[in-house]
């Protein structure tokens with residue numbers, strides 16, 4: 071009976087590892103797609119960076135002042151048909 075239980079546990083562990091590995095493979099493919107997209111559209115990468123900073127600031131109750139050219143951010147906002155923040 072113990073041998074059967076150990077075998078069943080080993081089988082569950084095997085399935086679990088396969089599921090995790092499949093998830094990691096899918097995630098890596100999506101990251102590769104995103105990298106290609108960001109390479110083609112650098113403004114999208116900058117917007118993603120700003121979004122990430124905003125999320126971190128919100129979670130940690132911080133004020134984050136990103137470096138860089140805010141004129142570019144305004145240009146990006148215009149490019150997506152939104153009024154830039156003055």
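In this note's numbering, the protein residues as written are 71 to 156. By construction, the Cβ of each residue, glycine as well, lies at the ideal position given by its N, Cα and C atoms. Predicted model only: the values in this text are computed from it and were never measured.
Chain-order list of residues whose beta-carbon lies under 6 Å from that of residue 123 (same chain, five-residue window excluded): Working through the chain shown from its first residue, we reach residue 123 at position 53. Contacts found: 134, 136.
Please report how far the alpha carbon of residue 119 lies from the alpha carbon of residue 91, in whole angstroms. If you number the chain shown from 1, residue 119 lands on position 49. If you number the chain shown from 1, residue 91 lands on position 21. So the alpha carbons of these two residues sit roughly 28 Å apart.
With residue 112 as the anchor, note down where its alpha helix (DSSP H) starts and where it stops. Mapped onto the chain shown, residue 112 falls at position 42. Looking at the DSSP string, the run of the alpha helix (DSSP H) that includes residue 112 is 112-130.
8 Å is my cut-off, CB to CB: does residue 93 come that close to chain C? The structure shown contains no chain C; it holds only a single protein chain.
If you run the structure through DSSP and keep just helix, strand and coil, what is residue 74? Numbered from 1 along the chain shown, position 4 holds the residue referred to as residue 74. Helix.
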